[in-house]
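Each residue of the sequence shown is one higher than the last, beginning at 15 in this note's numbering.
For each residue, glycine too, the CB sits at the ideal point set by N, CA and C.
None of these values were measured; they are calculated from a predicted model.
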Amino acid sequence: MSSAGEGLSRPLPEQVRSHVVELAAQILGAMPAAAVPSPLRGIAKFDPRKRARLGSAPIAAQLENDKEFREVVAEALAAEWPDLVASLAEGVAPPAAEPSLVAAAAYLTRPPGWADMVEAARDDLERSAAAAEGSAMEQTVTRLREQLAAQKTAAKEEGERLREQLKGARSEISDLRRRLHDARERARAAEARAAGAEEEAREAMAAAASAGSAGESELRRLRERLADAERQLETTRRAAREGRSLEDAKVRMLLDALQDAAAGLRRELALPSGIHRPADSVLSVAPGGQGAQAVPARALADDDPALFDQLLALPQIHVIVDGYNVTKTGYGTLTLADQRARLLTGLGGLYAQTRVELTCVFDGAELNGPVPVSAPRGVRVMFSSPGQIADDLIRQLVRAEPVGRAVAVVSSDREVAESVRRMGARPVPSVLLLRRLGRT
């Protein structure tokens, strides 16, 4: 279908190239997989609508370089446009055929003189494009002329409107000038009235000055009378103060005597200046007793239930409770939080009955931080510091009390009991406190 030696001096026109690629893309999808050229096998799998658009360049190159593929496409074109292909084979281009289609068919089938046919189609397409461009330019010129005419009309209307506005502005300026003249006349009249009022004001000021002179004389007279009255009042006050000074001196002397006596008594007894309990001075993590020999046993053993009641009856006794020793003796199956809550509740009831000083000590050596505890009224709750056990804190509390005060330590720990007994406190087994709380 082609002649040797023929070829194109320029690339295919874009419209012709599009026809050729679209036809080849359609044929590519219908070809058996084995017959598809290897460079186009990936493109053959594309969607038909994307094949020509995405594979345009590879398809065009394959048509140019692969004669067999081009002839397959040419055969499909001949089957679709047999009359067109036959006419081109005879060297005649149908006059009614579209130039781009004629050029595409000539490029694919390659009849004699096919290159001239492509060039002729290129000339026809260029003339059509030039004609279309000229028509578009004419349309653009026409549109611009219409826009120019519309703008001229709008400018004329705007000029008329501005002239009307200028006429109205001139009339308004004339009216404003008349108003300005009237305002100036009124201002001159007002100035005249102001001058008259100023003259009247000067006369009134002169009269007021005369009256003020008389008023000042009366004011001086009144001030003299007020000064006399103030002097008489001061004399009266001085006499009243002198009358009270003797009684005040007597009371002050009595107060000074009482104060000196109290200060001497405080120095003699070496009393502190404020109310401070010894246990409050002991450091602990959170929210301190009487020597053991000082607390009478009344011939009762340490495990006698009546012992704890006798101790509670002593005046100003300080009861120190080894918290976890008591709770693990009485209810060790509960959690530590529940143990603390149950013991503190019982101690709160005991304080309400006896009003004795109660201090409950818990071991805080292994705690990561302060434990939230709701201490009942009258019960001091303390945790030992990190690195310190509750036994040491209990000994500190006993050591802090003055010699001679009754101190009882509730703990079944033998080492604690022996150490506090040597320090002068009375040890009490935990079971006695648990029995007493059971009766609370």
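Please determine, among Thr-368, Leu-122, Ala-66 and Ala-223, the residue with the shortest C-alpha to C-alpha distance to Val-333. The sequence position of residue 333 within the sequence shown is 319, counting from 1. Of Thr-368, Leu-122, Ala-66 and Ala-223, the residue nearest in Cα terms is Thr-368.
With C-beta atoms as the reference, is Leu-54 less than 8 Å away from Gly-43? Within the sequence shown, the letter at position 40 stands for residue 54. Within the sequence shown, the letter at position 29 stands for residue 43. The answer is no: Cβ separation not under 8 Å.
Would you mind reading off the limits of the beta strand (DSSP E) that contains Thr-373? In the sequence shown, residue 373 corresponds to position 359, counting from 1. Run containing Thr-373: 371-376, per the beta strand (DSSP E) assignment.
Measure from the alpha carbon of Met-45 to the alpha carbon of each residue in Arg-63, Ala-66, Val-35 and Ala-90, then state which is nearest. The count along the sequence shown starts at 1 and reaches residue 45 at position 31. The shortest C-alpha separation from Met-45 is found at Ala-90.
Cross-strand partners of Ala-422 (DSSP beta bridge): As a working note, residue 422 is residue 408 in the sequence shown. Looking at the DSSP assignment, Ala-422 forms a beta bridge with Val-333 and Arg-440.
Helix, strand or coil at Arg-200 according to DSSP, with G and I counted as helix: As a working mapping, residue 200 is identified with position 186 in the sequence shown. Reduced to three states, the DSSP call for Arg-200 is helix.
Beta-carbon within less than 7 Å of Pro-113's beta-carbon, same chain only, minus the 5 sequence neighbours each way: which residues are those? On the sequence shown, residue 113 is found 99 positions in, with the first residue counted as 1. Ala-135, Asp-138 and Leu-139, listed in sequence order.
For Val-99, which of helix, strand or coil comes out of DSSP? Numbered from its first residue, the sequence shown carries residue 99 at position 85. Helix, per DSSP.
Cα-Cα separation, Arg-391 to Glu-248: For this step, residue 391 is matched to residue 377 along the sequence shown. For this step, residue 248 is matched to residue 234 along the sequence shown. Looking at the two C-alpha atoms, the distance is approximately 58 Å.
Would you kindly work out how many angstroms separate the C-alpha atoms of Ser-101 and Ala-111, rounded to a whole number? On the sequence shown, residue 101 is found 87 positions in, with the first residue counted as 1. On the sequence shown, residue 111 is found 97 positions in, with the first residue counted as 1. If you take the alpha carbons of Ser-101 and Ala-111, they lie about 11 Å apart.
CA-CA distance, Ala-183 and Asp-189? Locating residue 183 in the sequence shown gives position 169, where the first residue counts as 1. Locating residue 189 in the sequence shown gives position 175, where the first residue counts as 1. If I take the Cα positions, the gap works out to 10 Å.
Identify, in the order they occur along the chain, each residue of the same chain with its Cβ nearer than 8 Å to the Cβ of Ala-49, setting aside the five sequence neighbours on each side. Position 35 of the sequence shown, counted from the first residue, corresponds to residue 49. Around Ala-49: Val-86.
State buried or exposed for Thr-481, treating a residue as buried only when at least 16 other CB atoms are found within 10 Å of its CB. Any question about residue 481 goes unanswered here, given that the chain covers just 15 to 454.
Taking Leu-364 and Leu-451 to be in contact with their CB atoms under 8 Å, please state how far apart those CB atoms are, rounded to whole angstroms. Mapped onto the sequence shown, residue 364 falls at position 350. Mapped onto the sequence shown, residue 451 falls at position 437. About 6 Å separates the two Cβ atoms, so the contact holds.
Nearest candidate by alpha-carbon position, reference Gly-418, set Asp-130, Ala-439 and Thr-343: Counting from 1 along the sequence shown, the entry for residue 418 is found at position 404. Checked all of Asp-130, Ala-439 and Thr-343; the closest Cα to Gly-418 is Ala-439.
Length of the line joining the Cα atoms of Leu-22 and Gln-165: Here residue 22 refers to the residue found at position 8 when the sequence shown is read from its first residue. Here residue 165 refers to the residue found at position 151 when the sequence shown is read from its first residue. Each residue's alpha carbon lies about 52 Å from the other.
May I have the straight-line CA-CA distance separating Leu-162 from Glu-174, to the nearest angstrom? The residue you call residue 162 lines up with position 148 of the sequence shown. The residue you call residue 174 lines up with position 160 of the sequence shown. Distance between the alpha carbons of Leu-162 and Glu-174 is about 18 Å.
Going by the beta-carbon positions, is the gap between Leu-372 and Arg-394 smaller than 8 Å? As a working note, residue 372 is residue 358 in the sequence shown. As a working note, residue 394 is residue 380 in the sequence shown. Contact flag set, yes.
Bounding residues of the alpha helix (DSSP H) (the contiguous stretch that carries Phe-83): As a working note, residue 83 is residue 69 in the sequence shown. Phe-83 -> alpha helix (DSSP H) spans 81-94.
On the DSSP bridge assignment, give the partners of Phe-397 in chain order. As a working note, residue 397 is residue 383 in the sequence shown. Note: Phe-397 sits in a beta bridge opposite Phe-376.
Burial state of Ile-187, where buried means 16 or more other Cβ atoms lie within 10 Å: The residue labelled residue 187 in the question sits at position 173 within the sequence shown. By the neighbour-count rule (16 or more Cβ atoms within 10 Å), Ile-187 is not buried but exposed.
Could you check the C-alpha separation between Ala-39 and Pro-72 for me, to the nearest Å? Position 25 of the sequence shown, counted from the start, is the residue given in the question as residue 39. Position 58 of the sequence shown, counted from the start, is the residue given in the question as residue 72. If I take the Cα positions, the gap works out to 11 Å.
Would you check if the distance between the CB atom of Asn-339 and the CB atom of Asp-427 is smaller than 8 Å? Position 325 of the sequence shown, counted from the start, is the residue given in the question as residue 339. Position 413 of the sequence shown, counted from the start, is the residue given in the question as residue 427. Going by C-beta atoms, Asn-339 is nearer than 8 Å to Asp-427.
CA nearest to the CA of Val-296, picked from Thr-341, Ala-422 and Ser-399: Translated into the one-based positions of the sequence shown, residue 296 becomes position 282. Here the closest residue by C-alpha is Ser-399.
Considering only residues of the same chain and omitting the five flanking positions on each side of Ala-27, which have a CB-CB separation below 6 Å? The residue you call residue 27 lines up with position 13 of the sequence shown. Strictly speaking, residue 27 in this sequence is Pro, with Ala absent from that position. Taken in chain order, the residues that qualify are Arg-136 and Leu-139.
CA-to-CA distance, Asp-80 to Trp-95, given in whole angstroms: As a first step, residue 95 must be located in the sequence shown, where it is residue number 81. As a first step, residue 80 must be located in the sequence shown, where it is residue number 66. One C-alpha to the other measures close to 22 Å.
Where Arg-61 sits in the DSSP three-state scheme: Position 47 of the sequence shown, counted from the start, is the residue given in the question as residue 61. It should be pointed out that residue 61 corresponds to Asp in this sequence rather than to Arg. Looking at Asp-61 - three-state DSSP - the assignment turns out to be coil, as it is neither helix nor strand.
Relative to the alpha-carbon of Leu-115, which residue among Ala-103, Leu-98 and Ser-142 has its alpha-carbon at the smallest distance? For this step, residue 115 is matched to residue 101 along the sequence shown. Nearest of Ala-103, Leu-98 and Ser-142 to Leu-115, Cα basis: Leu-98.
Leaving aside the five residues before and after Pro-51 along the sequence, list all residues of the same chain whose C-beta is less than 7 Å from its C-beta, in chain order. Residue numbering aside, residue 51 sits at position 37 when the sequence shown is read from its first letter. Taken in chain order, the residues that qualify are Gln-76, Asp-80 and Phe-83.
Which residue comes first and which comes last in the alpha helix (DSSP H) that contains Arg-24? The residue given as residue 24 occupies position 10 in the sequence shown. Counting along the chain, Arg-24 falls outside any alpha helix (DSSP H), and DSSP gives it neither H nor E.
Using 10 angstroms around the beta-carbon of Glu-160, count the other beta-carbons present and answer buried if the total reaches 16, otherwise exposed. The residue you call residue 160 lines up with position 146 of the sequence shown. Result: exposed.
Just mark Ala-119 as buried or exposed, buried being the case when its beta carbon has 16 or more other beta carbons within 10 Å. In the sequence shown, residue 119 corresponds to position 105, counting from 1. With 16 or more other Cβ atoms within 10 Å, it is buried.
Would you mind sorting Glu-212 into buried or exposed? The rule is 16 or more other CB atoms within 10 Å of its CB. Counting from one through the sequence shown, the residue named residue 212 turns up at place 198. When all chains shown are included, Glu-212 counts as exposed.
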